[in-house]
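To start, the structure itself, in structure tokens.
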Amino acid sequence: MTVTQLPAPGQSSEALIDGPAGRIEILLSAPREPVEPAGFAVICHPHPLFGGAMSNKVTYALASSANKAGLYALRFNFRGVGRSGGEHDNGRGETDDVEFLATWMREQLPGGPAVLMGFSFGAWVSARAAAQVRPVAQVSIAPPFSKYFDDMPPPPRPPCPWLVVHGTDDEVVDYQQTRRILERYDPPPELVALDGVGHFFHGRLTDLGNIVLPFLQRHVG
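Put into structure tokens, the structure is as follows:
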């Protein structure tokens with residue numbers, strides 16, 4: 031792993047870096063005014079086998095909130111997506127990718143706070159990576175606990191403040207099931223339910239940002 035030149039304030043840069051299963055395609059966006067010491071968020075996209083990629087609009091909204099909170103926002107394509115090498119690994123290898131990227135970002139920004147964020151499949155994977163990464167804050171959007179990962183138990187509770195946002199009308203990941211599983215954690219995460227919102231937050235991305243940004247501002251910096 032090598033240190034690369036960070037993008038200028040308010041700018042973004044794309045790169046391919048060598049990861050555990052081949053090259054990882056990344057998009058790193060710099061905040062206009064970084065927190066001190068400068069920190070970062072690693073943001074994980076939805077399921078690779080169902081069209082998920084770092085260009086997903088919910089993933090973009092999370093990156094935007096991270097930038098507004100003064101964090102560098104690292105989006106990336108999981109293995110086998112876009113220009114990223116490797117093959118889909120049902121969350122196991124993808125967890126390795128998140129842990130690798132968090133370590134890589136810590137080389138770019140020594141001493142800065144780390145945040146993990148993810149949507150759907152990416153929410154589960156980033157929560158699973160939290161035990162190793164030990165972020166200062168965790169954000170999970172519509173996390174699937176019994177879908178896609180039938181042979182694996184729910185991830186351990188992230189060791190930090192944890193926000194979960196889920197639409198009550200989610201047609202992909204059942205909200206009530208998510209709520210029941212979250213209640214088993216000690217302590218349970220902060221759960222924000224958005225009435226009438228489906229899985230992809232159509233027309234409600236502004237509402238999502240208005241929930242995520244204050245959470246980040248409370249726990250970062």
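For the sequence shown, this note's numbering assigns the number 31 to the initial residue and increments by one for each residue that follows. Virtual Cβ for every residue (Gly too), placed ideally from N, Cα, C.
Continuous beta strand (DSSP E) stretch holding V242: start and end:
Unbroken run through V242 is the alpha helix (DSSP H), 235-249; no beta strand (DSSP E).
Tell me which same chain residues have a C-beta within less than 6 Å of the C-beta of L92, skipping the five on either side of it?
I73, M147
Have a look at the DSSP bridge pairing and note the partners of L104.
L58, V72
Can you look up A161 in the DSSP assignment and give me helix, strand or coil?
helix
Is there contact here, the segment 186-204 with the segment 157-169, by at least three beta-carbon pairs under 8 Å?
yes
Q168 burial status per 10 Å Cβ neighbour count (16 or more: buried):
buried
Where do the ends of the beta strand (DSSP E) carrying F130 lie?
Element bounds for F130: not the beta strand (DSSP E) but the alpha helix (DSSP H), 122-138.
Beta carbon of S114 nearer than 9 Å to that of N107:
yes
Please name the residue or residues paired with L193 in a DSSP beta bridge.
V169, E220
Note the first and the last residue of the continuous beta strand (DSSP E) segment covering S42.
42-49
Could you give the first and the last residue of the continuous beta strand (DSSP E) run that contains V145?
144-149
For V33, name the three-state secondary structure that DSSP assigns.
Unreliable positioning characterises V33 in this predicted model, as indicated by a pLDDT of 48, which lies under 50. A coordinate reading is not provided.
Does the Cβ-Cβ distance between V145 and G69 come in under 9 Å?
yes
Start and end of the alpha helix (DSSP H) containing T89?
87-98
Residue burial classification, N97 (beta-carbon count within 10 angstroms, cutoff 16):
buried
Sort out for me which residues DSSP pairs G52 with in a bridge.
G49
For D199, collect the residues of the same chain with a Cβ closer than 7 Å to its Cβ; drop the 5 residues on either side in sequence, then sort them by chain order.
G226, V227, G228
How about W154 and P173: do their beta carbons lie closer than 9 Å?
yes
For A38, three-class secondary structure by DSSP:
coil
Near P76, what residues of its chain come up, given a Cβ to Cβ distance below 7 Å and the 5 sequence neighbours on each side ignored?
G82, N86, F149, S150, F151, G152
Alpha-carbon spacing of E220 relative to V88, whole angstroms
19 Å
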